[in-house]
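Below: the structure, in structure tokens.
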Amino acid sequence: MSFHRYVALGDSFTEGVGDPDPTRPNGVRGWADRMAAELAGDDFTYANLAIRGRKLLQIVAEQLEPAIAMKPDLVTIYAGANDVLRPRVDIDNLMATYDVAIGRLTDAGARVVMFTAYDPGESPVFGALRGRFAIYNELVREIAERHDAVLVDFWRLRDYRDDRLWDIDRMHMSSAGHQRMAIAVLDTLGIAHDLKPLEVLERPLLTSKQRRAANLEWAKSHAGPWVKRRLTGTSSGDGLRPRWPALAPVTAG
Numbered sequence: 001m002s003f004h005r006y007v008a009l010g011d012s013f014t015e016g017v018g019d020p021d022p023t024r025p026n027g028v029r030g031w032a033d034r035m036a037a038e039l040a041g042d043d044f045t046y047a048n049l050a051i052r053g054r055k056l057l058q059i060v061a062e063q064l065e066p067a068i069a070m071k072p073d074l075v076t077i078y079a080g081a082n083d084v085l086r087p088r089v090d091i092d093n094l095m096a097t098y099d100v101a102i103g104r105l106t107d108a109g110a111r112v113v114m115f116t117a118y119d120p121g122e123s124p125v126f127g128a129l130r131g132r133f134a135i136y137n138e139l140v141r142e143i144a145e146r147h148d149a150v151l152v153d154f155w156r157l158r159d160y161r162d163d164r165l166w167d168i169d170r171m172h173m174s175s176a177g178h179q180r181m182a183i184a185v186l187d188t189l190g191i192a193h194d195l196k197p198l199e200v201l202e203r204p205l206l207t208s209k210q211r212r213a214a215n216l217e218w219a220k221s222h223a224g225p226w227v228k229r230r231l232t233g234t235s236s237g238d239g240l241r242p243r244w245p246a247l248a249p250v251t252a253g
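Under the UniProt record's numbering, the first residue of the sequence shown carries the number 1, and numbering increases by one thereafter.
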């Protein structure tokens with residue numbers, strides 16, 4: 001299986017937050033860039049329209065038409081997690097919009113890759129929303145089946161229980177996590193590749209006192225600002241533009 005025009009859509013998951021690279025737009029790399037490098041060839045181009053903080057309706061409104069205009073033969077899209085995290089969300093209506101969007105992408109001739117959300121069951125912060133995410137995931141699976149989309153089942157990738165695959169903010173994948181996701185997408189598509197898991201250092205065991213101090217620092221540096229943005233209606237993606245807004249060649253490796 002080979003592709004020639006790949007467009008990535010979504011939020012921070014696809015933009016690449018948690019995988020820092022100061023040489024790239026917005027200072028991040030991410031699994032989609034990593035995957036595109038594996039797909040690179042003489043007749044391959046790639047665009048990434050994802051912007052952190054975007055909710056599903058924003059992704060559909062801002063990214064769908066530009067993507068279709070590029071006539072992609074491969075589209076990856078992850079949308080809805082930011083909505084599910086909100087205090088109130090109508091998941092059924094939200095996913096009805098997602099269903100229409102996926103239908104438009106497949107009707108345009110693209111092979112569409114979708115994702116379930118990660119299982120937050122072991123998270124002390126997001127674990128209370130596990131039921132919501134399970135409902136979201138079941139609806140994603142229905143949409144994928146209806147439109148013959150490829151599904152990467154993030155919920156079942158149990159190696160992500162290793163906190164080294166997560167960034168220090170505990171909400172985004174680390175560089176190792178993004179590499180793992182690129183491998184998962186390529187494997188699910190059945191595409192041969194040379195990617196290997198990144199080596200990660202063992203993290204030292206913390207005493208109870210050290211763990212409490214780390215949790216307090218995390219709450220101050222990451223959880224607090226995240227809650228504030230939601231209360232004030234702002235987004236971490238405000239003012240940002242898509243990293244790769246137009247199809248362009250990619251350097252392999």
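We treat Cβ as the ideally placed atom computed from N, Cα and C, and that holds for glycine.
- Per DSSP, the continuous alpha helix (DSSP H) segment holding M35 begins and ends at 31-39.
- Three or more beta-carbon pairs separated by less than 8 Å are not found between the segment 159-169 and the segment 126-143, which leaves the two stretches without contact.
- Secondary structure note for N48: its beta strand (DSSP E) is the uninterrupted segment 45-48.
- Secondary structure in the segment 121-202: the beta strand (DSSP E) runs of 3 residues or longer, each lying completely within the stretch, are 150-152 in chain order.
- As DSSP reads the structure, L74 sits in a beta bridge with Y6, R111.
- Taking the C-beta atoms as reference points, G27 is found no nearer than 8 Å to H178.
- Look at A61 here: in three-state DSSP terms it is helix.
- K55 is classed as buried because its beta carbon has at least 16 other beta carbons within 10 Å across all chains shown.
- Boundaries of the beta strand (DSSP E) around A248: 244-249.
- Between V113 and V7, the C-beta spacing is not below 8 Å.
- For N82, the uninterrupted alpha helix (DSSP H) run begins and ends at 81-84, by DSSP.
- Three or more beta-carbon pairs drawn from the segment 104-121 and the segment 62-69 are found closer than 8 Å, and the two stretches are therefore classed as touching.
- In the DSSP assignment, no residue is bridged to V100.
- Beta-bridge annotation (DSSP): P20 is paired with V28.
- The shortest C-alpha to C-alpha distance from K196 to any of M35, I135, A96 is the one to M35.
- Under a 10 Å Cβ-count criterion, E122 is classified as exposed, with fewer than 16 other Cβ atoms of the shown protein chains found around its own Cβ.
- Closest in alpha carbon position to I77, among F44, I51, L39, is I51.
- Here R86 is exposed: its Cβ has fewer than 16 other Cβ atoms, across all protein chains shown, within 10 Å.
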